[in-house]
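One point on numbering: in full-length UniProt numbering, the residue at position 296 of the sequence shown is 296, and numbering is uninterrupted.
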Amino acid sequence: MNAILEERSSTTQLNERLARLVDDRPKEGLFRVHGSAFTSEEIFELEMKHIFESTWMFLGHESEIANPHDFISTSIGRQAVLLTRDADGEIHALHNSCTHRGALLTSSQQGNRRIHSCPYHAWAFSSSGKLVAVHGKEAGAYLPAFDNHNHDLKPIARCGNYRGFIFGSLNPDVPSLDEHLADSKAFIDLVVDQGADGLELIPGRVTFTYNANWKWQIENGTDSYHFRPTHSTYLDVLDRQRKVAEETGKAVSQSNVSAYVGLTRERTKLQRGVFDLGNGHAVMFGPTPTPEARPLFVARDDLVKRVGEVRAKWMLYTRNLNIYPNLQLWDNIASLLALIRPISANQTEMITYCIGPKGEDPEARRRRIRHCEQFLNLGIANPDDMACYEACQQGLVDQPDAWVDYARGMAVLQHGASPEAAELGVNPQSWVYSDFDMGDETGHQHAFREWLRLLSTQPKQGN
Numbered sequence: 001m002n003a004i005l006e007e008r009s010s011t012t013q014l015n016e017r018l019a020r021l022v023d024d025r026p027k028e029g030l031f032r033v034h035g036s037a038f039t040s041e042e043i044f045e046l047e048m049k050h051i052f053e054s055t056w057m058f059l060g061h062e063s064e065i066a067n068p069h070d071f072i073s074t075s076i077g078r079q080a081v082l083l084t085r086d087a088d089g090e091i092h093a094l095h096n097s098c099t100h101r102g103a104l105l106t107s108s109q110q111g112n113r114r115i116h117s118c119p120y121h122a123w124a125f126s127s128s129g130k131l132v133a134v135h136g137k138e139a140g141a142y143l144p145a146f147d148n149h150n151h152d153l154k155p156i157a158r159c160g161n162y163r164g165f166i167f168g169s170l171n172p173d174v175p176s177l178d179e180h181l182a183d184s185k186a187f188i189d190l191v192v193d194q195g196a197d198g199l200e201l202i203p204g205r206v207t208f209t210y211n212a213n214w215k216w217q218i219e220n221g222t223d224s225y226h227f228r229p230t231h232s233t234y235l236d237v238l239d240r241q242r243k244v245a246e247e248t249g250k251a252v253s254q255s256n257v258s259a260y261v262g263l264t265r266e267r268t269k270l271q272r273g274v275f276d277l278g279n280g281h282a283v284m285f286g287p288t289p290t291p292e293a294r295p296l297f298v299a300r301d302d303l304v305k306r307v308g309e310v311r312a313k314w315m316l317y318t319r320n321l322n323i324y325p326n327l328q329l330w331d332n333i334a335s336l337l338a339l340i341r342p343i344s345a346n347q348t349e350m351i352t353y354c355i356g357p358k359g360e361d362p363e364a365r366r367r368r369i370r371h372c373e374q375f376l377n378l379g380i381a382n383p384d385d386m387a388c389y390e391a392c393q394q395g396l397v398d399q400p401d402a403w404v405d406y407a408r409g410m411a412v413l414q415h416g417a418s419p420e421a422a423e424l425g426v427n428p429q430s431w432v433y434s435d436f437d438m439g440d441e442t443g444h445q446h447a448f449r450e451w452l453r454l455l456s457t458q459p460k461q462g463n
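The following block contains the structure:
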């Protein structure tokens, strides 16, 4: 009994400490987060235990394992996971650890193998995870009872699939994937339904690291405030491309000019919205000044026939979707999937893919890839973001008592029905819809409230 009381007391004290890190006073127009939330390794360990190893994590897309025996190596928090499709087409999410001595079964990023053989003692497992051979078993002097035990690869506690997006959890008691995704499903649908045959990850993943906390990437996904000052060089390049296109008589829709080009001249006319979709998920959205520049625009008439005028309009909007805590879907002139993998409080790995509709027009696909190369990954603009994350991180390390402010947009934050949300049949917990230059930050608040909720919840792990 004393041990139970001590544990409860310790948990209460921890929760009180965590609560002091988020200064959430909406009536006073204040929302800020203590800098140690970004720099403390102690807090990072709690994040791994309570968030990344206790709730739903995006693992991969089914197009990465399209064929029998295809596999990819991925992770949940600090645990390596093997995502594989067996001979019958069933998907398995297994611990990437041999059941003999625990060795990493494969270090390959992806491939196709009927049999996974451990590099240490050559125990062999099928693509479903079943142990099919023990090297030298006949000479091994095993007792007959050895075969009565399960030596197959261990599946993770939960695995779910929504529209080809595969998620997993180490927590057997996690709410259903449907509950977890909540209204974010409608925005996943807007990406998947752009093609009659669905979505695919375009070959060519890009992996890189930045020396800053993972939460900077999450918040940047719904942050329009930084766009003009941070990406001014990129916008200048686009403006020059636009001028060249005009001088040569080449239509903007046929050039590499992105849907953002109008921001140099028309950004004050644009609107941007942010929906709190629940469970830390959020989406930033709004019309683009040059929808004809989007690769999807060439298929607009077919889109309208297939999905209707309203959903076709939303598909041509710019949309940045955060699926908390490790998945981002950006759908602008091109589309990007980003997987966030925290390494430490001060380092984060990003794995990114260009994504697009299956069977897309070849010219549209060329332009889609070109934009990914130009803006995203290691192109002109994305390194700007990384540099800013690292500058913020260093500033907080240097000033251990600093706070990070997220008050922008609170005066226009709305609750209740939203005309824009009603079009899609979603019911956001709160929303903002205002001028682009307002640069709302309330989407970051939703993520930190979920962060605090998860850190204050006692985690439970199964397999």
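We treat Cβ as the ideally placed atom computed from N, Cα and C, and that holds for glycine.
Owing to the predicted nature of the structure, the values given are computational and were not obtained by experimental measurement.
Among G443, Q347, Q241 and L321, which has the Cα closest to the Cα of S338?
A quick correction: the sequence has Ala, not Ser, at residue 338. Of the listed residues, the one whose Cα sits closest to A338 is L321.
Taking 8 Å as the CB-CB limit, is D401 close to chain C?
Here there is only one protein chain, and chain C is not present.
My output table needs one value for C118: the three-state DSSP class, helix, strand or coil.
coil
Apart from the five residues just before and just after L190, which ones in its own chain have a Cβ nearer than 6 Å to its Cβ?
W314 and M315
Whole angstroms is fine: what's the gap from V274's alpha carbon to Y433's?
7 Å
Can you tell me whether H149 is buried or exposed, with buried defined as 16 or more other CB within 10 angstroms of its CB?
exposed
Pull up the distance between the alpha-carbon of N213 and that of P203, whole angstroms please.
28 Å
With DSSP as the reference, label R408 as helix, strand or coil.
coil
Going along the chain, which unbroken runs of the alpha helix (DSSP H) with 4 or more residues stay wholly within the stretch 316-399?
362-375 and 382-398
For G168, the first and last residue of its enclosing beta strand (DSSP E):
F165 to S169
Would DSSP call I156 helix, strand or coil?
coil
Cutoff 6 Å; reference G60; Cβ partners in own chain excluding five residues on either side
I72, T74, L83 and I166
Taking its Cβ as the centre, do 16 or more other Cβ atoms sit within 10 Å of D276, making it buried, or is it exposed?
buried
Are A87 and S117 close, meaning C-beta to C-beta below 8 Å?
no
Please report the distance separating the alpha-carbon of V244 from that of Q429.
45 Å
Would you list the one or two residues that DSSP bridges to R32?
D23 and D405
Exposed unless 16 or more other CB atoms sit within 10 angstroms - verdict on E47:
buried
Beta-bridge partners of Y210, as assigned by DSSP
T348
Beta-carbon separation (whole angstroms), F38 vs G77, contact threshold 8 Å:
Not quite, the Cβ-Cβ distance comes to about 18 Å (not below 8 Å), so this is no contact.
DSSP bridge partner residues for L199 (one or two, in chain order)
P357
L455 versus R366 - alpha carbon distance
43 Å
What number of angstroms, rounded off, separates the C-alpha of P156 from the C-alpha of S169?
In the sequence on display, residue 156 carries Ile and not Pro. Those two C-alpha atoms are separated by around 7 Å.
Assuming contact is defined by CB atoms lying nearer than 8 Å, are W403 and D23 in contact in what I supplied?
yes
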